[in-house]
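First residue of the sequence shown: 209, per the working numbering; consecutive thereafter.
Okay, so here's the structure we're looking at.
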Amino acid sequence: MAIPITVLDCDLLLYGRGHRTLDRFKLDDVTDDYLMSMYGFPRQFIYYLVELLGASLSRPTQRSRAISPETQILAALGFYTSGSFQTRMGDAIGISQASMSRCVANVTEALVERASQFIHFPGDEASIQALKDEFYGLAAMPGVIGVVDCIHVAIKAPNAEDLSYVNRKGLHSLNCLMVCDIRGALMAVETNWPGSLQDYAVLQQSSLSNQFEAGMHKESWLLGDSSFFLRTWLMTPLHIHETPAEYRYNVAHSATHSVIEKTFRTLCSRFRCLDGSKGALQYSPEKSSHIILACCVLHNISLEHGMDIWSSPMTGPMEQPPEEEYEHMESLDLEADRIRQELIFTHFS
209 MAIPITVLDC DLLLYGRGHR TLDRFKLDDV TDDYLMSMYG FPRQFIYYLV ELLGASLSRP
269 TQRSRAISPE TQILAALGFY TSGSFQTRMG DAIGISQASM SRCVANVTEA LVERASQFIH
329 FPGDEASIQA LKDEFYGLAA MPGVIGVVDC IHVAIKAPNA EDLSYVNRKG LHSLNCLMVC
389 DIRGALMAVE TNWPGSLQDY AVLQQSSLSN QFEAGMHKES WLLGDSSFFL RTWLMTPLHI
449 HETPAEYRYN VAHSATHSVI EKTFRTLCSR FRCLDGSKGA LQYSPEKSSH IILACCVLHN
509 ISLEHGMDIW SSPMTGPMEQ PPEEEYEHME SLDLEADRIR QELIFTHFS
């Protein structure tokens, strides 16, 4: 459907006199197919976001002609799902590229403010037991309440002297730590770690590690791959299996851990700003970190609204570090090793 629009000056849109909202784009004027193709989400989901974020996006100013919350949200969704500020996206809702950028910043901060509302571990024992039961039903791995891994998201170079964001490929990135449940819902997300840090170092310095070391969720554990050290609360695969029981443990571990690999692929497929196909995020590390977190919040909200993440098209397999980087990752934690051996003997023998 062709919608006549006029692209207006961004400062006039955001800061005119009298705080009169401009509403050039009406959701009811277009089809769900159009909204899905342009913004990646259906009408009712967008209406929910308007209700959720509207107060934050309508902060009173002494100026007018502000962009409506609805238009700001469409602009941000367009960027998150396409990874581009292309004129086509701004033209569709009647704002300039500069206004698109301002809208993305506003919506991103509004979503980040609500991150703890949508990204968290369950707080009651019944929900924790439900997590264990669901994971056990997948591959008979007992005691698991989440799967942890890291994913790199490319960003522009902060400056020529700062090498802390240069990853092993020689590219600038943030190394993001995430934990998901069996549905792919994220229960912990830390997006601020420099790309030069290896996965085990990110986890070691994370608030997630501090919480589990302090005794959160006793008699439960996360599953992590061989890029992490074995811990009493983090079960990793055996580097070399020597018995049938150890082989079965590794198979069950791999099948369970694949949940987060699929979650990463879906995140990058739905939110193309994260996958690098449109280039690195052209923001500072702090702002890039917030954009990644905002996408994670949207990911969880979409699950709450019945949008099955596994139905999204997926890219190829997630790249893993070379095998030789795993060789030094076996744990020196004797208690953790004892727990893993007991787990293998009790459940996989």
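The beta carbon of each residue, even a glycine, is placed where N, CA and C say it ideally should be.
{"Query": "Residue environment, Arg310, which counts as buried when at least 16 other CB atoms sit within 10 Å", "Result": "buried"}
{"Query": "Secondary structure of Gly432, DSSP reduced to three states", "Result": "coil"}
{"Query": "Bounding residues of the beta strand (DSSP E) (the contiguous stretch that carries Leu394)", "Result": "Leu394 to Pro402"}
{"Query": "Contacting residues, own chain, Cβ-Cβ under 7 Å from Glu321 (five flanking each side not counted)", "Result": "Ser264"}
{"Query": "Spatially closest choice to Val467 from Arg391, Leu285 and Asp433, by CA coordinates", "Result": "Arg391"}
{"Query": "Between the CA atoms of Ala488 and Leu482 - distance to the nearest angstrom", "Result": "8 Å"}
{"Query": "Distance CB(Val387)-CB(Ala323) smaller than 9 Å", "Result": "no"}
{"Query": "Close Cβ partners of Val374 (< 7 Å) along its chain, the five nearest in sequence each way excluded", "Result": "His380, Gly403 and Ser404"}
{"Query": "Counterpart residues of Arg439 in DSSP-defined beta bridges", "Result": "Leu442"}
{"Query": "First and last residue of the uninterrupted alpha helix (DSSP H) at Ile359", "Result": "Element bounds for Ile359: not the alpha helix (DSSP H) but the beta strand (DSSP E), Val352 to Ala362."}
{"Query": "Distance CB(Ile353)-CB(Asp407) smaller than 9 Å", "Result": "no"}
{"Query": "Given Thr316 as reference, the closest of Ile552, Tyr491, Tyr455 and Tyr242 once Cα atoms are compared", "Result": "Tyr491"}
{"Query": "Cβ shell of Ile552 (< 7 Å), same chain only, five flanking positions each side left out", "Result": "Ala453, Glu454 and Tyr457"}
{"Query": "Member of Gly302, Ile281 and Ala362 whose CA lies at the smallest distance from the CA of Arg480", "Result": "Ala362"}
{"Query": "CB-CB length for Phe326 against Val459, believed under 8 Å", "Result": "Actually they are not in contact, since the Cβ atoms of Phe326 and Val459 sit about 33 Å apart, beyond 8 Å."}
{"Query": "Continuous alpha helix (DSSP H) assignments of at least 4 residues falling wholly in the stretch 264-344", "Result": "277-290, 295-301, 305-321 and 323-326"}
{"Query": "Which of helix, strand or coil DSSP assigns to Leu416", "Result": "helix"}
{"Query": "Buried or exposed (CB count within 10 angstroms, at least 16 for buried), Ala283", "Result": "buried"}
{"Query": "Supposed close pair Thr579, Phe556 - CB separation, criterion 8 Å", "Result": "Shown here, the chain extends from 209 to 557; a query on residue 579 therefore has no answer."}
{"Query": "Euclidean distance between Cα positions of Leu371 and Gly378", "Result": "9 Å"}
{"Query": "In DSSP terms, what Val374 is bridged to", "Result": "His380"}
{"Query": "Three-way DSSP call (helix, strand, coil) for Val238 in this model", "Result": "coil"}
{"Query": "Bounding residues of the alpha helix (DSSP H) (the contiguous stretch that carries Tyr455)", "Result": "Pro452 to Arg478"}
{"Query": "Which residues DSSP lists as bridging Leu385, in chain order", "Result": "Cys358 and Glu398"}
{"Query": "Cβ pair Gly286, Met308 closer than 9 Å", "Result": "yes"}
{"Query": "Per-residue burial, Arg376 [other beta carbons within 10 Å of its own, 16 or more giving buried]", "Result": "exposed"}
{"Query": "Alpha-carbon spacing of Gln549 relative to Lys426, whole angstroms", "Result": "18 Å"}
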